[in-house]
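Enquirer:
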Amino acid sequence: MKRNRRLNRLLHLLLIPFCLIWIYPFLWMIFSSLKTNTEYISSGLRLLPQQLQWDNYTRAWGVGQFSTYFQNSVVITVGAVIIVTLLSILTGYALGRVNFPGKKALLFLFAAVLFIPKGYTIIPVFQIIKQLGLLNTIEGVILVEASGVHIIFILMFMTFYRTLPVELTEAAEIDGAGFLRTFLQIMLPLSKPIIATTAIMQFIFTWNSFFVPLVFTLNKPELRTLAVGMYSFVGEYSIDYTGMAAAAVIALLPIIIVFVAFQKYFIEGVSGSVKL
Amino acid sequence: MNRRNKSLYSWAYLFMLPQLLMLAVFTIYPIVMSYVYSFYDWSGIGPLQQFIGWDNFYSVMTDRYFWNAYRNNLIYIGFTVLITLPAALLAALLLNLAYFKGKVVYRTLLFLPVVTTTAIVGVVLKSMFGTDNAIVNLVLQQFNLIKEPIGWLSGPYTSMLVLIGAGIWKVFGMIMIYWLAGLQSLPKEIYEAARIDGAGWWAALRYITIPLLLPVSAVILLLTVMNGIHVFDLVTTLTGGGPFFATDMVDLYIYRYAFGTGGFPQQGYASAAGIIFGMSIFVISLVLGAIVQLAMRRQRSIAIGKE
Amino acid sequence: MKPNTQSIKLLLLSSLAMLLLAACSSNQSTTNSHAANNTQGATSSPTAEVKQVELEVWGRWEEMLGQMEETIAEFQQQHPHIKVKYTNVPGSQYVAQIQAAISGNTLPDIIGYHQSIPTSLLVNLDVLHPLDDVLTAEQKAEYYEGTWSEGYTLIDGQTYAIPVFNPKRPAMMLYYNKEALHAAGLTEDDIPATWDELYSFSKQVQQNTDGKLYGLVIGVKELSFLSGAISQMATAITPDVSPTDLFNYRTGQYEYHAQGIVQGLELFKKLQDEKLLHPSSLVMSFREGTALMEEGQAVLTIDGSFYASQLNADKLDSFGVAPLPTKDGKPQYAAFQGESRVAFYVSKHTEHYEETKLFLQFIKEHLYPKLVADGVEYSPLPAVNEATTINHPVAAEALRIQDEVSLLIPRPFERNADSLKVVLETSGKLPKTTLGNIAEGYLTGQIKDVEAALLELSQQANQVLEEGIAKVNAAGGSITLDDYAFADWVPYQPYQ
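Residue numbers (the UniProt record's numbering), protein chains in the order written: chain A, 1 to 276; chain G, 1 to 307; chain Y, 1 to 496.
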């Protein structure tokens, strides 16, 4: 026991400074966002600002249009999360509970899609969205963000539903419940943890997505998400360093909060992808 | 086939229909079309008219800058994999110790970079690694580690170094969780038995943990390699592929041709580059998979031989 | 794993709240703008139902943003039913944005010109509205001679572009910070006119300030002016090579590897190697570089004439401008081909052509004088330029220097209109590597043999040109490489 406590202390001694350095970029970002531009340049190593400059946030939020970007990020992320979760549940349920003809072939197709060299598929996707008349719309961005097969999610739901005992459905069927009612009333509520994992993982994917919104909002600056907005902010106001830091905080804070609050689900989802 | 089954099947198909539609429209069709485009001289605007056979492929294969981007990509993947895999395993082993308190806090902190937006982190890191009056140089000068500021992002090697460092920092938590998942799935009984046999922590690691982790490590290796291919966000915002293409990656190379800023795009050419890159990655992962399998078989035969 | 209903509910709730928040704010903004429109309409003409029209305009000239906004405000006052939404798109994103808009069929009503997307290309894609009825023949005659030239403003005799700036632009020049200059114990007489002077000047600044200040700063990252400066200075050594496209108009060949270019690169390499160039130069964009000069961390920077009007207005006295130094102090030139590089097009699919016409005519009357008065740029109307005094001391000098060094060079499109088709064929296929890239690679030490690298670029560019010509001829055109060679041209004399 004593040895363990000593080891414990040693580990803390090692890990605390390491983790401080590890998250230093975030600390630096937060403190820089509260300095004036002059102080930013002249403060050298001093981390703490002399006086809190909240107007960096006002500037980023207003002039830098981060209020619009924030709104876009929220709408796109929530939209994509709903679509992806819904589709994965449905597919996972069908695969997990029904032995329909062609199931093996379908699973093989999913696996094949994962491994086929994809080329540069964003170009045809761009053309499809254009033909659907969704180019330069937020719906178009949501659709592309939600597109693609999320094999991990589907497999997670599939294994989950498969492990549920057959008696559950049989009992429901004896009560006269059909396929849909059994699913909605009995199976769906049971899968809440998987739903949470899927939703949170997709939330983080979409919120952080850069390439798709970059390509699909090229000529509609008002549809930019936070990540794309940040990139163009740097191009437009390259000398407003503290405004940039404030913008970065605005963009990163929500995701950090979501992660810290729900980290259990996210970490489960990530480990799930190895176990499967 | 009875009626119950029939209705069951139609429900199943109905449930999968939306996902299958998405799959057909947004995954399969684009894959097919990107192969088609690659045989045309096509800017991406107007109809597909000028069929040029294998010309695009030939041009990509003979372009020095493509191979430069390719080599950079391999270097980036190689270093991130070689450093991250063992380091993250070590972290996972520490955070898996039963008696270690505060695991969750450390796990959260180490994982934090994974969830933050790469494009934004890239911009922040770019400011930190500036040349004059930037925090990293100031700290190093304070501790007298360097005499004068280093141009981190203005030197070809240093900018690759920063990029690899940032890439490791960004992916480390993810790999660590992979390892943790692998560790936690190991049967506890073996360790009990080993302890009774008098094996120490080190021996258990050497003769039980690592051999048992091998199958998982193959998966982790593949996932890490895949992760290293998609570096667009980080490179675009941190180095922009510079200085002078020193950190150019295939993703960026293709983007320049597909949505370029100098003149009209060449989407046929970009598609060809994408296919060549995709194919070669496919081959590389096949080879990697084969090597891992071979290693596992050898490990197994050694283990059997020992018994 | 136990279903943790508490946190799921929390998640669902919070995402719902975020969604609602987003929806509400977007609703709010639309209702607000409706309300604004209504009141506007009400004050102007309560009975006559004038339909509100919104014009969308994309430009990329940061330097005229203020003047443009003023003009738009005046325009909206005169035409209350028209609202003009002007978007200034950053130069680095402009081409990609236009391309996306073309392929998505969502071009704004009015679009600014960009040299990577020439008029002929846009007309070929059938996305432009002809503008023959915007200006009368008399009005057109007021413009700078050569404004209405085939291939740029005109295609097949039809007008497609209305110029905003004078065609003589942009010229690169040297800006300096007088406070930093004095801090280094130097005077304006020390501002370098030759390369040797630039070298010794940089050394002196560093020595006199204990290495605190630098002689020169210039951001070389994307959108760098370094290549523009080098190619303009090169004309003092190899005048046959045009600084705009590094094309030798006497031989009709691309000549990236001209001696002037090579020596210019060597000059900056020497400054960089001896740590005389501000160390951040290699990681900054031009805008960050000029900001360092304004802050006084470096005495000199290089920028276009348009930069003068962007200088910190409160401290104008502390800035000055001078021509770029050349190798032996010989003259240099900035090339122009008569076409205006700042102009507006109208989208073919505009639903408000009449209103765009009104706006373009309004620009001619109201924006031009503002541009000149504020020293942003000369307008395309010589009469306006003469009648207006520039009330900005630095800009006045910058525009004077620009006027002095601008030179009309030969124009292949005047000689053979098929050259415009060649432009279409070669667009996007010329080497993606630019002189700016080469300069960066050379300064960072990645390119050892800069002459060979430049020669390779010349060869690639010439091959693209030849292939383009062959394609045009195969499609029934008639053009040869000779159409690009102007052996009778004497550099430093305007080619008529």
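Heads up, the beta-carbon is just placed ideally off N, CA and C, and yes, glycines get one too. Keep in mind it's a predicted model, so treat the numbers as computed, not measured.
What whole-angstrom Cβ distance do Y/G59 and Y/G112 have, given they're in contact under 8 Å?
Expert: Sure, about 4 Å apart at Cβ, within 8 Å.
Enquirer: Using the rule of at least 16 other Cβ atoms within 10 Å of the residue's Cβ for burial, across every protein chain shown, is Y/G211 buried or exposed?
Expert: exposed
Enquirer: Measuring straight from C-alpha to C-alpha, what distance separates G/Y76 and G/M160?
Expert: When rounded, the distance between both Cα atoms is 8 Å.
Enquirer: Which residues in chain Y have a C-beta closer than 7 Å to the C-beta of A/I239? List them in chain order.
Expert: R287, E288 and A291
Enquirer: List the whole-angstrom C-beta distance separating Y/S406 from Y/A343, where the pair is believed to meet the contact cut-off of C-beta under 8 Å.
Expert: Rounded, the Cβ-Cβ distance is 17 Å, inconsistent with contact.
Enquirer: Only counting the same chain, and skipping five residues up and downstream in sequence, which positions put a Cβ closer than 6 Å to that of Y/Q446?
Expert: none
Enquirer: Are any of the Cβ atoms in chain G nearer than 8 Å to that of Y/P410?
Expert: no
Enquirer: So Y/A298 is in the beta strand (DSSP E); what residue range does that whole segment cover?
Expert: Where Y/A298 is concerned, the enclosing beta strand (DSSP E) stretches over A298 to G304.
Enquirer: Could you tell me whether the Cβ of A/P165 comes closer than 8 Å to any Cβ of chain Y?
Expert: No, A/P165 does not count as interfacial toward chain Y.
Enquirer: Between Y/T244, Y/Y484 and Y/A229, which lies nearest to Y/R415 when the distance is taken from Cα to Cα?
Expert: Y/Y484
Enquirer: Given that A/L135 touches chain Y, what residues does it touch there, using C-beta distances under 9 Å?
Expert: By Cβ distance, chain Y contributes A100, S103, G104, N105 and T106.
Enquirer: Quick one, are the C-beta atoms of A/K130 and Y/S103 less than 8 Å apart?
Expert: Between A/K130 and Y/S103, the CB-CB gap stays under 8 Å.
Enquirer: Any beta carbon from chain Y within less than 8 Å of A/K35's own beta carbon?
Expert: no
Enquirer: Quickly, what does DSSP pair Y/E56 with across the bridge? List them, please.
Expert: Y/K85
Enquirer: Answer yes or no: do Y/G289 and Y/V217 have a C-beta to C-beta separation smaller than 8 Å?
Expert: yes
Enquirer: Note down the Cα distance separating Y/L174 from Y/K83, rounded to an integer number of angstroms.
Expert: 40 Å
Enquirer: Using the three-state DSSP reduction, which class does Y/G41 fall into: helix, strand or coil?
Expert: Summary for Y/G41: the model assigns pLDDT 40, below 50, so the residue's position carries little reliability; its value from the coordinates is reported in the next sentence. Y/G41 falls in the helix class under three-state DSSP.
Enquirer: Any beta-carbon of chain G closer than 8 Å to the one on Y/L475?
Expert: Before going further, note that residue 475 of chain Y is Ala rather than Leu in the sequence given. Under the 8 Å criterion on CB atoms, Y/A475 is classed as non-interfacial with respect to chain G.
Enquirer: What would DSSP say about Y/M172, mapped onto helix, strand or coil?
Expert: Y/M172: strand per DSSP, three-state reduction.
Enquirer: Excluding five sequence neighbours on each side, which residues of the same chain lie with their C-beta closer than 7 Å to the C-beta of Y/P491?
Expert: P239 and D240
Enquirer: State yes or no: is the C-beta of Y/Y214 within less than 8 Å of the C-beta of Y/A322?
Expert: Their beta carbons are not under 8 Å apart, which means Y/Y214 does not touch Y/A322 by this criterion.
Enquirer: Between A/S232 and chain Y, is there a C-beta pair that is closer than 8 Å?
Expert: Contact with chain Y is found for A/S232, since one of that chain's Cβ atoms lies less than 8 Å from the residue's Cβ.
Enquirer: Is the segment 56-63 of chain A close to the segment 200-216 of chain A, with three or more CB pairs under 8 Å?
Expert: no
Enquirer: Using only the alpha-carbon positions, how far apart do A/I41 and Y/T209 sit?
Expert: 19 Å
Enquirer: Which value, in whole angstroms, describes the spacing of the CA atoms of G/G173 and A/V260?
Expert: 14 Å
Enquirer: Quick one: is the Cβ of A/T68 within less than 7 Å of any heavy atom of the ligand PLP?
Expert: Within the structure as shown, the ligand PLP is missing, as the structure has no ligands at all.
Enquirer: Given that A/E39 touches chain Y, what residues does it touch there, using C-beta distances under 9 Å?
Expert: The contacting residues do not exist; A/E39 stays about 14 Å from chain Y at best.
Enquirer: Does any C-beta atom of chain A lie closer than 8 Å to the C-beta of Y/S92?
Expert: Interface criterion met: the Cβ of Y/S92 is under 8 Å from a Cβ in chain A.
Enquirer: Residue range of the alpha helix (DSSP H) that G/P156 falls in?
Expert: P156 to Q184
Enquirer: I need the DSSP call for G/V104, collapsed to helix, strand or coil.
Expert: helix
Enquirer: Identify the contact partners of Y/Q207 in chain A, using a Cβ-Cβ distance below 8 Å as the criterion.
Expert: Per Cβ cutoff of 8 Å: no residues; Y/Q207 is ~24 Å from chain A at best.
Enquirer: CB-CB under 7 Å to G/V235, same chain, minus the five flanking residues each way: which ones, in chain order?
Expert: L163, G241, T247, M249 and L252
Enquirer: By Cβ distance below 7 Å, which residues in the same chain neighbour Y/M284 in space, the five residues on each side in sequence not counted?
Expert: Taken in chain order, the residues that qualify are G219 and K221.
Enquirer: Quick one: grab the DSSP three-state call for G/V114.
Expert: helix
Enquirer: Just tell me which of G/I291, G/A119, G/S7 and G/M16 has its CA closest to the CA of G/D233.
Expert: G/A119
Enquirer: At a CB distance below 8 Å, what residues from the segment 233-251 of chain G approach chain A? Give them in sequence order.
Expert: D233, T236 and T237
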